[in-house]
Amino acid sequence: MSDPADSHPLPMSRTEMRDWWGWDELDILLVNGDAYVDHPSFGIALIGRALVAAGFRTGIVAQPQCDEDFLLMGRPRLFAGVSAGNIDSMLNHYTAARKPRRQDHYSPGGKAGLRPDRATIVYTGTVKKLFKGLPVVIGGVEASLRRLAHWDHWSGTMRRSMLADSKADLLCYGMAEAQILEIAHRLKTGESIKEMTDIRGTCWMANNRSAISDPFARGQVDTPSYTEIKTDLRRFADGERIHFLEQDPARGRMVVQATDARFVVQNPPARPLGEVELDLIYAHPYTRREHPAYVAGVPALETVRTSIVTHRGCVANCNFCSIVYHQGKDIQNRSVDSVVAEAERIASQPGFTGTISDVGGPSANMFRMRCGKMRKFGSCVHRDCLLPTPCPSLESGVGENLDALRRIRALPGVKHTFIQSGIRYDLALRDGDEYIDEVARHHVSGIMKVAPEATDDRVLTLMNKPRFDVFRRFKQRFLLATKKAGKKQFITEYLIAGHPGCDTGTMAETAATLRREGMQPDQVQEFVPIPMTISTAMHVSGLDPFTMQPIATITGDRERRMQKALIHSGKPDNRKLVLEALQKTGRMDLADALLGDGTGGSGTKGSEFATRAKKGGYFGPTFMAGGGDSVVDEDEARIEDELDAHDGHFPDPRQPTTLACGTRVPTHLAQAAQRGGFNPSWQGKKKTSTVKPLRGKRR
Ligand code: SF4
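See the structure below:
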């Protein structure tokens, strides 16, 4: 008889347990907030397959709707594992402006509402109620990034660790295969889960300080308590800095946080997986499909069905990203053979159309990259791995990376092999022409998506991203490679609106830069202060956690929308918001540049905005209501009403304002002074281009 693992997904019912797998009971029950998709891009499939391969009978309850759904396969022998799914349930359900999303890409048919808010807490409560005394282990992105007290954007409050709120027995953070296998083996030998306080990559609750020992012989560090961060935002910023510095498997200490009368203890992160371990994880016989119980497809699968994850971790420390807290900084690589073998399996599947949609990871060109010092001693605290320039100790993996891509391209049935994952452009420039040339020639599906995230170097510094000029150089280099390859391909830029330090005036300048340089960003992501990032700490506390210097932040959804509209200023729907933003920031001089032909669709002569601005004129409701604007939502409708009731005068940008020093100056100059200097564009001066010409090949 063939091994059931070769042809069946994990069971979701008693019939499947018996008929597919020959089991009469489960060892482990996994409860998940997403639909069950048996694909290695889905966390529950990775964990479930790892447990089954280790001999544990594991079943999955996906998106349970009532108590009976939890009971379908009976009480498991060892424990229940609970996860909200591939992404945080609040981020899945609500936009940055806290509006409900209409679709859920992790549910069959994209249907919303199949998972509760803060699903980890709700599911854990139900498991505890239905299976009295059964150990419950929580994990997944939601639990992982909420493992310590954190800012919850959607309630606008500080919340306790999800371990305290859910009352689970243990919390696994990170990718968690190693932790979950250790827990399963130790429970199988009869050990109590209460004794498991020495597993790396887990958090546990201590009733008192004397219960916290030091099994890792690394010492421990106290982080500000839940009560402190609730009442003092400086302490919140302090805490986020401490967490960041301890997220290192080689040198990280235990982190202890007092939470009410108890303590949340975060053990050091799990050791990075070796190549052999990672190869085994991705060699499991995933069906790469939704469980057959679903009638409708799961949209999230479509984007990754034929994609291959080459590695985990990211050496970049982008401040708005939480990947370092979840996957770590050290790159955990699969072997080239393992990646090619997965491509072969994909190519042999029925219905394969010839396209491998992605070969990558957090950044595609970090595959096979390594730093020996980081693995042995931990990441450096005295410098960043990539900034201001990539560290010489970071060994390039380009040779093996290209080898994998070439071998995949040569597989029978494979017509296209694309890279959809991000490319870290400062590394690509460092690693020479060969990589960029080959990617441009073979691995771009018409448009390459790159994420400079901002154009202003001050904001980029706060994001911990390279200067914008580095992106310009990469773009020039890519377009040259594209030309050499005789292809018609483009780069589209991804940007973030509303990041700490990026006020609306800065975004207006960014929009002008993009226009000037002919860039058309495909997507502008509104900054979302998700739990456990440095940018979230900046946003909430108004401080840079590393320097404790103040940072200007925007808090209103309206302002965030204005920033987003500025980037897509050519869209007629955005016209009002763009004008409002320019009025507010005293940058009406940019109106001609940002509103396309200078008429904004009103048919007025091209220099209308500039002329009015120079005369100190206003842009009242009649002017703003012209053109083909449409009401986009209730908020816009409210603005329409306000405009109707308006007396026709927006603040005159030439009204004098008194500066702190007592000098009276025109308002627009005062605003420019606040932004850090008088803006030369008001005086009709052109800025000198900072684009450097390419001089030959870079090696
Ligand atoms: S040696 Fe360089 S690459 Fe390695 S951890 Fe330190 S800064 Fe990062």
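1055 is the number that the numbering used here gives to position 602 of the sequence shown; each next residue is one higher, with no gaps. The beta-carbon is built from N, C-alpha and C at its ideal position, and this holds for glycine as well.
Under 8 Å: do the region 900–909 and the region 937–946 share three or more Cβ pairs, one atom per stretch? yes
Confirm, please, whether the CB-CB distance from Gly527 to Ala602 is below 9 Å. Position 149 of the sequence shown, counting from 1, holds the residue named residue 602. Position 74 of the sequence shown, counting from 1, holds the residue named residue 527. No.
At a threshold of 8 Å, does Leu847 count as lining the ligand SF4 (C-beta to nearest heavy atom)? As a working mapping, residue 847 is identified with position 394 in the sequence shown. Yes; taking the cut-off as 8 Å, the Cβ of Leu847 has a heavy atom of the ligand SF4 nearer than that.
Do the CB positions of Pro721 and Met707 come within less than 9 Å of each other? One-based indexing of the sequence shown puts residue 721 at position 268. One-based indexing of the sequence shown puts residue 707 at position 254. In this structure, Met707 lies closer than 9 Å to Pro721 by Cβ.
Just curious, the alpha helix (DSSP H) that Asn854 is in, first and last residue? Taking the sequence shown and counting its residues from 1, the one referred to as residue 854 is at position 401. Asn854 -> alpha helix (DSSP H) spans Val851 to Arg862.
Taking only runs of the beta strand (DSSP E) that begin and end inside the region 805–852, which ones reach a length of at least 3 residues, in chain order? 811–813
So, Trp657 versus Leu624, is the Cβ gap smaller than 9 Å? Counting from 1 along the sequence shown, the entry for residue 657 is found at position 204. Counting from 1 along the sequence shown, the entry for residue 624 is found at position 171. Closer than 9 Å, so yes.
Determine the direct distance from the alpha carbon of Pro982 to that of Ala549, and round the result to whole angstroms. Taking the sequence shown and counting its residues from 1, the one referred to as residue 549 is at position 96. Taking the sequence shown and counting its residues from 1, the one referred to as residue 982 is at position 529. If you take the alpha carbons of Ala549 and Pro982, they lie about 8 Å apart.
Can you name the start and end residues of the beta strand (DSSP E) that Pro905 belongs to? By 1-based counting over the sequence shown, the position of residue 905 is 452. Unbroken beta strand (DSSP E) run through Pro905: Ile900 to Glu906.
Is Met972 a contact residue of the ligand SF4, with contact defined as CB to any heavy atom under 8 Å? Stepping through the sequence shown from its first residue, residue 972 is reached at position 519. No.
Under three-state DSSP, which class holds His779? The residue labelled residue 779 in the question sits at position 326 within the sequence shown. Three-state result, His779: helix.
Between the Cα of Lys564 and the Cα atoms of Ala714, Tyr626 and Pro752, which residue gives the shortest distance? By one-based count along the sequence shown, residue 564 stands at place 111. Selected option, being the one with the closest Cα: Pro752.
From Gly850 to Lys1037, what distance separates their C-alpha atoms? In the sequence shown, the residue the question calls residue 850 occupies position 397. In the sequence shown, the residue the question calls residue 1037 occupies position 584. Straight-line Cα distance between these residues: approximately 48 Å.
Do Met960 and the ligand SF4 come close, with the Cβ less than 8 Å from some heavy atom? As a working mapping, residue 960 is identified with position 507 in the sequence shown. No - the ligand SF4 has no heavy atom lying nearer than 8 Å to the Cβ of Met960.
Within the chosen definition, does the region 992–1005 reach the region 1017–1032 through at least 3 CB pairs nearer than 8 Å? no
If I measure Cβ to Cβ from Gly592 and keep anything under 6 Å in the same chain, skipping five residues before and after, which residues do I get? Counting from 1 along the sequence shown, the entry for residue 592 is found at position 139. The residues are Ser536, Cys625 and Ala629.
For Ile987, tell me which candidate among Tyr778, Arg741, Asp570 and Ser614 has the shortest Cα-Cα distance. Locating residue 987 in the sequence shown gives position 534, where the first residue counts as 1. Per the Cα distances, Tyr778.
Write down the C-beta distance between Gly627 and Ala723 rounded to the nearest angstrom, noting that I regard them as a contact closer than 8 Å. Within the sequence shown, the letter at position 174 stands for residue 627. Within the sequence shown, the letter at position 270 stands for residue 723. Correct: roughly 6 Å between the Cβ atoms.
Does the beta-carbon of Met827, which I'm using as the reference point, lie nearer than 8 Å to any heavy atom of the ligand SF4? Your numbering for residue 827 matches position 374 in the sequence shown. Yes, the ligand SF4 has a heavy atom inside 8 Å of this Cβ.
Kindly examine the ligand SF4 and report whether one of its heavy atoms sits closer than 8 Å to the Cβ of Arg704. Counting from one through the sequence shown, the residue named residue 704 turns up at place 251. No, the beta carbon of Arg704 sits no closer than 8 Å to any heavy atom of the ligand SF4.
Does DSSP put Met658 in a helix, a strand or coil? In the sequence shown, counting from the first residue as 1, residue 658 sits at position 205. Met658 falls in the strand class under three-state DSSP.
Whole angstroms is fine: what's the gap from Pro919's alpha carbon to Ser542's? Indexing the sequence shown from 1 puts residue 919 at position 466. Indexing the sequence shown from 1 puts residue 542 at position 89. Each residue's alpha carbon lies about 31 Å from the other.
Excluding the five sequence neighbours on either side, which residues of its own chain have a C-beta within less than 8 Å of the C-beta of His546, listed in chain order? Here residue 546 corresponds to residue number 93 of the sequence shown, with the count starting at 1. So the list reads Pro553, Arg554, Asp557, Ala565, Arg568 and Asp570, once near-sequence residues are dropped.
Entirely enclosed alpha helix (DSSP H) segments - the region 493–555, minimum 4 residues: 496–506, 520–524 and 542–546
Keeping to the same chain, check which residues put their C-beta closer than 6 Å to that of Gly609; ignore five residues upstream and five downstream. Within the sequence shown, the letter at position 156 stands for residue 609. There are no such residues.
Can you find the residues in the same chain that come closer than 7 Å, C-beta to C-beta, to Thr577, ignoring five residues on each side of it along the sequence? As a working mapping, residue 577 is identified with position 124 in the sequence shown. So the list reads Val535, Val589, Ile591, Ser619, Lys620 and Ala621, once near-sequence residues are dropped.
Determine the direct distance from the alpha carbon of Arg688 to that of Ile1004, and round the result to whole angstroms. By 1-based counting over the sequence shown, the position of residue 1004 is 551. By 1-based counting over the sequence shown, the position of residue 688 is 235. Spanning the two alpha carbons is a distance of roughly 16 Å.
Got a sec: does the ligand SF4 put a non-hydrogen atom nearer than 8 Å to the Cβ of Ser832? As a first step, residue 832 is located in the sequence shown; it is residue number 379 there, counting from the start. Within the cutoff, so yes.
I want to know whether the region 658–674 touches the region 724–738 - three or more CB-CB distances under 8 Å. no
When burial is assigned at 16 or more other CB atoms within 10 Å of the CB, is Asp472 buried or exposed? Here residue 472 corresponds to residue number 19 of the sequence shown, with the count starting at 1. The residue in question, Asp472, is exposed, as its Cβ has fewer than 16 Cβ neighbours within 10 Å.
Can you list, in chain order, the residues of its chain with a C-beta nearer than 6 Å to that of Gly868? Leave out the 5 residues immediately preceding and following it. Numbered from its first residue, the sequence shown carries residue 868 at position 415. First, the amino acid is wrong: residue 868 is Lys here, not Gly. The answer, listed in chain order, is Gly807.
Start and end residues, beta strand (DSSP E) containing His603: If you number the sequence shown from 1, residue 603 lands on position 150. Unbroken beta strand (DSSP E) run through His603: His603 to Asp605.
Pairs of beta-carbons, one from the region 1028–1046 and one from the region 946–965, closer than 8 Å: are there three or more? yes
Roughly how many angstroms lie between the CA atoms of Ile540 and Arg600, to the nearest whole one? Against the sequence shown, residue 540 aligns to sequence position 87. Against the sequence shown, residue 600 aligns to sequence position 147. Each residue's Cα considered, the two are about 15 Å apart.
Any heavy atom of the ligand SF4 closer than 8 Å to the Cβ of Asp879? On the sequence shown, position 426 is the one that residue 879 refers to. Outside the cutoff, so no.
Going by beta-carbon coordinates alone, are Leu731 and His764 separated by less than 9 Å? Start at 1 with the first residue of the sequence shown, and residue 731 comes out as number 278. Start at 1 with the first residue of the sequence shown, and residue 764 comes out as number 311. Cβ atoms of Leu731 and His764: closer than 9 Å.
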